[in-house]
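Beneath this line is the structure, given in structure tokens, with notes to follow.
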Amino acid sequence: MKEIDGLSAEDAKAEHKALAEEIRTHDAAYYQKDEPTVSDAEYDALRNRLVALEAAFPELADETSPTQKLGAAPARGFGKVRHKVPMLSLDNAFNSEELRDFEGRIRRFLGLGAEEEVAFFAEPKIDGLSANLRYEKGRFVQGATRGDGQEGEDITENLKGVIDLPLELKTNGEAPEVFEVRGEVYMRDEDFMELNRQQEEKGAKIFANPRNAAAGSLRQLDSSITASRKLRFFAYAWGEVTEVPADIQSGVLEQFEAWGFSVNALSKVCTNMEEAIEAYRRIEELRASLEYDIDGVVFKVNRLDWQQRLGFVSRSPRWAIAHKFPAEKASTVIEDIEIQVGRTGALTPVARLHPVTVGGVVVSNA
Ligand code: IVH
Numbered sequence: 004m005k006e007i008d009g010l011s012a013e014d015a016k017a018e019h020k021a022l023a024e025e026i027r028t029h030d031a032a033y034y035q036k037d038e039p040t041v042s043d044a045e046y047d048a049l050r051n052r053l054v055a056l057e058a059a060f061p062e063l064a065d066e067t068s069p070t071q072k073l074g075a076a077p078a079r080g081f082g083k084v085r086h087k088v089p090m091l092s093l094d095n096a097f098n099s100e101e102l103r104d105f106e107g108r109i110r111r112f113l114g115l116g117a118e119e120e121v122a123f124f125a126e127p128k129i130d131g132l133s134a135n136l137r138y139e140k141g142r143f144v145q146g147a148t149r150g151d152g153q154e155g156e157d158i159t160e161n162l163k164g165v166i167d168l169p170l171e172l173k174t175n176g177e178a179p180e181v182f183e184v185r186g187e188v189y190m191r192d193e194d195f196m197e198l199n200r201q202q203e204e205k206g207a208k209i210f211a212n213p214r215n216a217a218a219g220s221l222r223q224l225d226s227s228i229t230a231s232r233k234l235r236f237f238a239y240a241w242g243e244v245t246e247v248p249a250d251i252q253s254g255v256l257e258q259f260e261a262w263g264f265s266v267n268a269l270s271k272v273c274t275n276m277e278e279a280i281e282a283y284r285r286i287e288e289l290r291a292s293l294e295y296d297i298d299g300v301v302f303k304v305n306r307l308d309w310q311q312r313l314g315f316v317s318r319s320p321r322w323a324i325a326h327k328f329p330a331e332k333a334s335t336v337i338e339d340i341e342i343q344v345g346r347t348g349a350l351t352p353v354a355r356l357h358p359v360t361v362g363g364v365v366v367s368n369a
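Each position in the sequence shown, counted from 1, maps to that position plus 3 in the working numbering.
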């Protein structure tokens with residue numbers, strides 16, 4: 004291979020482009036099809052050359068370079084990221100009465116007459132971890148956890164392994180200068196169970212629920228482990244943006260979808276609070292049949308100019324509320340207790356229960 008010394012910026016750029024293309028093709032064959040097209044040694048040589056080119060010409064190392072993607076050296080610990088717009092939490096309502104009170108407060112605050120309808124956007128409350136994804140000119144440049152709402156951890160590399168997180172927005176060249184998309188990283192129930200099966204075989208840590216599994220997977224220092232964990236993302240909010248692409252909540256989510264994000268299909272515009280309460284009941288009915296865990300329904304005032312006027316009280320918006328589902332409970336009888344022996348010799352007691360239905364699922368072992 005050529006020496007870097009004496010290489011012109013123009014030649015370096017051309018070589019970098021060709022090399023990046025070649026590495027991406029090998030990556031796709033290896034990661035997506037499980038069919039490597041080169042030996043490990045050849046692959047390493049290509050990557051090393053790319054790293055050397057970027058060391059000599061740092062402007063070539065943009066976010067789309069294969070050096071910035073998975074398989075890159077693991078970071079030691081996570082850096083801190085200060086959120087430009089704080090990541091807030093939501094107030095809770097526990098019954099329909101509290102939802103009507105919420106609407107009453109909004110009406111009074113905005114000074115609305117009785118004839119004016121307040122439309123709400125109802126969305127499932129995903130039981131995962133919120134994340135802030137920063138896009139500059141349509142490219143994913145940084146991802147962070149919520150942390151304390153003001154400052155989170157830089158988990159950019161790990162987020163690159165989330166299945167439905169676009170590294171580049173689909174925009175036809177009209178990408179916003181800055182757009183921070185917020186939403187929930189979660190794991191589907193079947194992926195969680197499969198992960199625990201694998202963990203058990205390895206004698207590794209068993210996760211208590213999909214949320215814990217998602218959290219543990221995001222916190223890996225080695226991003227290739229995160230990438231193997233089948234994490235997914237639902238987009239539902241935004242942080243710092245140069246321009247908001249719509250004037251209603253549901254319109255922004257349509258834009259998210261067009262950019263390539265997953266938005267939750269059960270989300271719905273409700274023309275008034277009675278429809279919103281109906282949406283809550285429908286989502287609660289569907290809860291047990293969903294592929295992922297939800298713990299309530301979030302209601303947001305659909306008009307963004309009203310959201311703006313309503314603003315925040317302490318750490319929650321006045322324009323949104325979460326109606327949590329009541330905790331699911333059921334009683335039954337333990338019929339037997341068996342001790343299972345794992346491959347590594349780990350002993351796990353299993354209670355054989357008289358089958359009981361909790362939230363639409365029949366439980367017979369614990
Ligand atoms: S909106 C300013 N929408 O619930 C509004 N949050 O208690 C910010 N969550 O930290 C949040 N699903 O992790 C919103 N559809 C949804 C959500 C959702 C889950 C989580 C999120 C947030 C927490 C608030």
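C-beta atoms are modelled at their ideal positions from N, C-alpha and C, and glycine is treated no differently.
Computed from a prediction, not measured in an experiment: that's the story for all the values here.
Set against 7 Å, the gap from the CB of A325 to the closest heavy atom of the ligand IVH is smaller. Non-local C-beta neighbours of A59 in its own chain, meaning closer than 8 Å and more than five positions away in sequence, comprise I7, L10 and A15, ordered along the chain. DSSP lists S319 as the beta-bridge partner residues of V316. Where N95 is concerned, the enclosing beta strand (DSSP E) starts and stops at D94 to A96. The three-state reading of DSSP puts V353 in strand, counting E and B together. With three or more CB-CB distances shorter than 8 Å, the stretch 197-213 counts as touching the stretch 343-361.
The stretch 181-189 and the stretch 326-340 do not touch, with fewer than 3 CB-CB distances between them shorter than 8 Å. Annotation for L93 indicates a beta carbon within 7 Å of some heavy atom of the ligand IVH.
Under the Cβ criterion (8 Å, minimum of three pairs), the stretch 218-237 counts as touching the stretch 159-172. If only uninterrupted alpha helix (DSSP H) runs of at least 4 residues are considered, those enclosed by the stretch 138-188 are 159-162.
Secondary structure remark: continuous beta strand (DSSP E) runs of at least 3 residues inside the stretch 221-277, in chain order: 235-244 and 271-273. Between N305 and F105, the CB-CB gap reaches or exceeds 8 Å. Taking a 10 Å sphere around the C-beta of L224, we find fewer than 16 other C-beta atoms and assign the residue as exposed. In this structure Q343 is exposed. Its beta-carbon is surrounded by fewer than 16 other beta-carbon atoms within 10 angstroms. A Cβ-Cβ contact shorter than 8 Å links L53 with H19.
Restricting attention to E294, S334, I337 and G155, the CA atom closest to the CA of M90 is found in G155. By the Cβ test, the stretch 275-282 is in contact with the stretch 102-118, since at least three Cβ pairs between them sit closer than 8 Å. Relative to the ligand IVH, the nearest heavy atom lies less than 7 Å away from the CB of S133. For K303, there is no enclosing alpha helix (DSSP H); the enclosing beta strand (DSSP E) covers residues I297 to V304.
Minimum Cα-Cα distance from P320 among the listed residues L293, I109, A32 and S292 corresponds to I109. Around the CB of K173, fewer than 16 other CB atoms lie within 10 Å, so the residue is classed as exposed.
Not one heavy atom of the ligand IVH lies closer than 7 Å to the C-beta of Y295. Within 7 Å of the C-beta of Y239 there is at least one heavy atom belonging to the ligand IVH. The closest heavy atom of the ligand IVH lies less than 7 Å from the beta carbon of R149.
Not one heavy atom of the ligand IVH sits closer than 7 Å to the Cβ of I286. DSSP lists no bridge partner for E197.
Annotated three-state conformation of P39 is coil, per DSSP. Of the candidates A238, T67, A64 and L22, L22 places its Cα closest to the Cα of E45. When the beta-carbon positions are compared, V300 and A323 stay at least 8 Å from each other. One Cα belongs to A216, the other to A147, and the distance between them is close to 18 Å. Nearest to V255 by C-alpha distance, out of K303, I337, L115 and R355, is K303. Judged by DSSP secondary structure, A125 falls within the beta strand (DSSP E) whose first and last residues are F123 to I129. For K128, the distance from the CB to the nearest heavy atom of the ligand IVH is below 7 Å.
Counting the other Cβ atoms within 10 Å of the Cβ of V184 gives 16 or more, which makes it buried. Judged by DSSP in its simplified three-state form, I209 adopts coil rather than helix or strand. In the structure shown, L49 adopts helical secondary structure according to DSSP, grouped into three states.
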